[in-house]
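Chains as they are written, first to last, in our numbering: chain A, 17 to 93; chain B, 17 to 93.
The C-beta atom is built at its ideal place from N, Cα and C for all residues, glycine as well.
Read through the structure below, which is laid out as structure tokens, and then see the notes.
There are 2 protein chains.
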Amino acid sequence: MNYVLAVVTQFSNGADEVAIKARGKAICRAVDTAEIALNRFLQGIMKKEIITSTEEVETDAGKTNVSSIEIVLMHRV
Amino acid sequence: MNYVLAVVTQFSNGADEVAIKARGKAICRAVDTAEIALNRFLQGIMKKEIITSTEEVETDAGKTNVSSIEIVLMHRV
């Protein structure tokens, strides 16, 4: 719920767009955050775009690929 | 990798579009599946659209909401 609060707060503070980003297993939490914020808290806000990509991450065992998501919310025009 | 294979197989069998769907914690696996299939195996295929939504699911403890994702892949035109 902290992430939902962060999104709602940014819109309350006048943001036109808010981007929610996550990698790996946190991706489902980014989707939850967007869905809960839109369905329960935000009015007049819609999804602008959803982008998935692959990022290279440095670990102890060398470089590995991890999926990422970016969900951009914006004011409905 | 089984899901990646399933996607690649469907395109090999002549599919124009393949939709990858997941709910809850499996959402990150759907994103992984799409990313790996596109980056490593499929040529001339692109993401058509990514849709997230909220579904109501019946559990022992009653109805609960769960986030879901649908990633649609298609032939590049």
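- With a threshold of 8 angstroms between beta carbons, residue 51 (chain B) makes contact with chain A.
- In this structure, DSSP gives residue 24 (chain A) a helical state, which the three-state scheme calls helix.
- If only complete runs of 3 or more residues are kept, the region 35-66 of chain A shows no beta strand (DSSP E) anywhere.
- The three-state reading of DSSP puts residue 81 (chain A) in strand, counting E and B together.
- Taking residue 91 (chain A) as reference, the option from A:23, A:17, A:18, A:19 with the minimal CA-CA separation is A:23.
- Distance from the CA of residue 61 (chain A) to the CA of residue 89 (chain A), rounded to the nearest whole angstrom, comes to 7 angstroms.
- Taking 8 angstroms as the cut-off, the beta carbon of residue 84 (chain B) is found closer than this to the beta carbon of residue 38 (chain B).
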